[in-house]
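Notes to accompany the following structure.
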Amino acid sequence: MSQRIIRSLLLATPAVLGTALAGSMPAIANEVSPATNSGSPVTVPASNASVITLDAPALPVSQQLTGSVSAEPAPVTGTPAVSDPFFSQLNRYSQEGQGAATEAIGLVTSVNQLSDVRPTDWAYEALSRLIENYGCIAGYPDGTFRGNRALTRYEFAAGLNACLDALAERIGTGGVSEEDLQALRQLLDEFRTELAQIRGIVDNLEARVAELESNQFSTTTKLNGETIFAFSDAFGGDNISANDDNNFVFQSRTRLNFDTSFTGRDRLRARLQAGNFDRFTFSAGQEYRLGFDTSTTNNTIQLDTLSYRFPVGDQLTVHLIANGGGIDDIANTITPFDSSGRGAVSRFGQRNPIYRLAGTAGLGLSYQFTNPVLTRNILSIQAGYLGGEANNPAPGNGLFNGDYGAFVQLTGTRFLDERLNFAFYYVHTYNDTDLGTGTGTNGARLREGVPVVGNSYGASLNFSISPNFQIGGWFGYTFGRAIRTGDANIMNFAVTLAFPNLGGDGNLGGIIFGMQPTLVDADSAIGSDDPDPSFHLEGFYRLALTDNIDITPGVIWLFSPNGDSGNDDVIIGTIRTTFRF
Numbered sequence: 001m002s003q004r005i006i007r008s009l010l011l012a013t014p015a016v017l018g019t020a021l022a023g024s025m026p027a028i029a030n031e032v033s034p035a036t037n038s039g040s041p042v043t044v045p046a047s048n049a050s051v052i053t054l055d056a057p058a059l060p061v062s063q064q065l066t067g068s069v070s071a072e073p074a075p076v077t078g079t080p081a082v083s084d085p086f087f088s089q090l091n092r093y094s095q096e097g098q099g100a101a102t103e104a105i106g107l108v109t110s111v112n113q114l115s116d117v118r119p120t121d122w123a124y125e126a127l128s129r130l131i132e133n134y135g136c137i138a139g140y141p142d143g144t145f146r147g148n149r150a151l152t153r154y155e156f157a158a159g160l161n162a163c164l165d166a167l168a169e170r171i172g173t174g175g176v177s178e179e180d181l182q183a184l185r186q187l188l189d190e191f192r193t194e195l196a197q198i199r200g201i202v203d204n205l206e207a208r209v210a211e212l213e214s215n216q217f218s219t220t221t222k223l224n225g226e227t228i229f230a231f232s233d234a235f236g237g238d239n240i241s242a243n244d245d246n247n248f249v250f251q252s253r254t255r256l257n258f259d260t261s262f263t264g265r266d267r268l269r270a271r272l273q274a275g276n277f278d279r280f281t282f283s284a285g286q287e288y289r290l291g292f293d294t295s296t297t298n299n300t301i302q303l304d305t306l307s308y309r310f311p312v313g314d315q316l317t318v319h320l321i322a323n324g325g326g327i328d329d330i331a332n333t334i335t336p337f338d339s340s341g342r343g344a345v346s347r348f349g350q351r352n353p354i355y356r357l358a359g360t361a362g363l364g365l366s367y368q369f370t371n372p373v374l375t376r377n378i379l380s381i382q383a384g385y386l387g388g389e390a391n392n393p394a395p396g397n398g399l400f401n402g403d404y405g406a407f408v409q410l411t412g413t414r415f416l417d418e419r420l421n422f423a424f425y426y427v428h429t430y431n432d433t434d435l436g437t438g439t440g441t442n443g444a445r446l447r448e449g450v451p452v453v454g455n456s457y458g459a460s461l462n463f464s465i466s467p468n469f470q471i472g473g474w475f476g477y478t479f480g481r482a483i484r485t486g487d488a489n490i491m492n493f494a495v496t497l498a499f500p501n502l503g504g505d506g507n508l509g510g511i512i513f514g515m516q517p518t519l520v521d522a523d524s525a526i527g528s529d530d531p532d533p534s535f536h537l538e539g540f541y542r543l544a545l546t547d548n549i550d551i552t553p554g555v556i557w558l559f560s561p562n563g564d565s566g567n568d569d570v571i572i573g574t575i576r577t578t579f580r581f
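Following our numbering from start to finish, the sequence shown increments by one per residue and tops out at 581.
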């Protein structure tokens, strides 16, 4: 049995019409005044149009609903308004539940096209007259009506909708023949029970749909992973380290993210990580670190990240970080290179090192001032507190008594016709042993064996000159104080050039020139400043082999390593292959 016709029942006019007729038929007492002959138009008086006596049907109501139904509207047309209340009610009901998904059901102009309607049936004569006069019954694509099957009465009730429209239009233009009007009365009375039953089915389905809509999201966990293979080598720096024999290495890292959502708008992330990175053997500074190195060297599996974020209303997002979090998990770092698997190949080239001053566990908030529905520009503020030893209950540790960092950032995105992104940020830190930059010269770390307090200020910007060329960069300055020792200032900056989709969709070319964190001013108790700027030049090209595999060759050139022009330059080359799944 075609589901398309049945579906039309549930949303089309007869369903609603049947309910109205079931309650109003007992009160009907008067008929429309007959015309002078059966073929002439009949004008329906407003005073008695609502009390029409319907003749008894020629056949009893015997068929019952035995099949499943689906809600698809019957092919109907709009009707003009008429003054008569009865037919106004027909018009109002006939316009309910109309839809567009009726292409497979066409109107037929002759009852002979409804090949399986029996000429001996009572319904045949009524159908024949209505179809021949108005062409108003919808058949199946193969030209059949299929009126001798289990759901014939309900299919017929759906088709009746088209005839109601046709008759209402005829009445609205001046009248309808009494013979056709009488046939309509009989059909309405014959299918009154089915229409009422269909109304109940529709109500039940509407309730079930409402329940499904209100509970349409179920708790879902998605696994997404990333594996990196890297072939790397380092050259130069002969006078920096006693051991300058860095060899060609093959290293790897794997991350598995388990992302769970309970509402569809939140995210609980648990990340497992394993890797085998040994850093190159240059003794001074942290300028040589690759962007995808790990804290383990023997593929030990660790819970690298555990965090939960959820919205409060439409503008506020709360971040709860239990392990492995950083400022960049809460705030937008602006740069297009901030990805260890798909961005810059160096640690410094990914983002401003100021973002690395605080991390591990704590709370973050992000509030969006502007509504993206009303304006393209998005202005937001982020703030957070992260403790470096939040899990340690020993004296001098814990969430508030150990290493910590607090930050605030003002972020603007999609400005100047969605081409400009910017951020201004401040980070206050306290660390037991050093400043905690993670990159830069040895002097910039302030490793004085005493606690170090830092107040850092930074700004980042990225501007899209064209869809395939962006220019950006950052600046950072830190006022550091080694407790009971002295003060020191550290500076870093970078200029970035990005070439999205260079040579093909998904590709990315990048050039980075800047200065890694360098000690530019220090009290005598701390020591001398770095004598020379430690410049960093990096170039890489990410080639998207497939949607899930990238290969990225990159070169890093370090001028005056460790802030000393007397040191030989260092060149690091790597080929990073990233698999995402």
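Don't be surprised by glycine CBs; every beta carbon is placed ideally from N, CA and C.
Proximity below 9 Å, CB of residue i to CB of residue j
i	j	result
F262	R269	no
F282	Q516	no
T583	N377	This structure cannot settle anything about residue 583, because the visible part of the chain is limited to 1 through 581.
F337	A344	yes
Y541	G509	yes
I571	G236	yes
T227	T254	yes
Q273	L290	no
N299	G275	yes
D628	A444	Residue 628 lies beyond the residue range present for the chain, which begins at 1 and ends at 581; the question has no answer from this structure.
D266	F310	yes
L543	G503	yes
A390	G398	yes
I354	N492	yes
L446	I526	yes
H428	N401	no
Distance cut-off 8 Å: residue i Cβ against heavy atoms of the ligand PLP
i	result
I330	In the structure on display, the ligand PLP does not appear, and there are no ligands present to speak of.
Other residues of its chain near residue i: CB distance less than 6 Å, five sequence neighbours each side excluded
i	result
T577	F229, I551
Y426	V408, Y457
E538	S346, G349, I512, I556
K222	D259
N421	I334, T413, N462
V453	Y430, R481
G554	V345, F540, T574
Three-way DSSP call (helix, strand, coil) for residue i in this model
i	result
N133	helix
Q186	helix
D259	strand
T193	helix
A207	helix
G436	coil
L545	coil
F407	strand
Y355	helix
N431	strand
I201	helix
R170	helix
N215	coil
D329	helix
L519	strand
Q251	strand
Q286	coil
D245	coil
Q350	helix
L639	With the chain represented from 1 up to 581, any question about residue 639 goes unanswered, as that position is not in the structure.
Own chain partners of residue i with C-beta closer than 7 Å, once the 5 adjacent residues on each side are dropped
i	result
D293	F277, R279
Y367	Q315, L316, S380, I381
A532	Position check: residue 532 holds Asp in this sequence, whereas Ala was assumed. S560, G563, D564, S565.
T297	N276, F277, D278
N501	N468, N507
R419	F463, S464
Cutoff 8 Å; reference residue i; Cβ partners in own chain excluding five residues on either side
i	result
R92	For R92, the predicted model reports a pLDDT of 49, less than 50, meaning its position is unreliable; a value from the coordinates is still stated below. None.
D585	Look at the range of the chain in this structure, 1 to 581, and you will see that residue 585 is not part of it.
G449	T433
Contact the region 515-532 vs the region 436-449: 3+ CB pairs below 8 Å = Yes, the region 515-532 touches the region 436-449.
At what residue ranges does the region 439-492 contain a whole run of the alpha helix (DSSP H), taking only runs of 4 or more?
-> Within the region 439-492, no complete alpha helix (DSSP H) run reaches 4 residues.
Are three or more beta carbon pairs between the region 359-374 and the region 382-399 nearer than 8 Å?
-> A contact between stretches requires three or more CB pairs, one per stretch, nearer than 8 Å, and the region 359-374 meets this requirement with the region 382-399.
Does the region 287-305 come close enough to the region 317-329 that 3 or more CB-CB pairs lie under 8 Å?
-> Contact holds between the region 317-329 and the region 287-305, because three or more Cβ pairs, one in each stretch, are under 8 Å apart.
If you pair each beta-carbon of the region 487-499 with each one of the region 471-479, do three or more pairs fall below 8 Å?
-> Verdict: yes, contact present.
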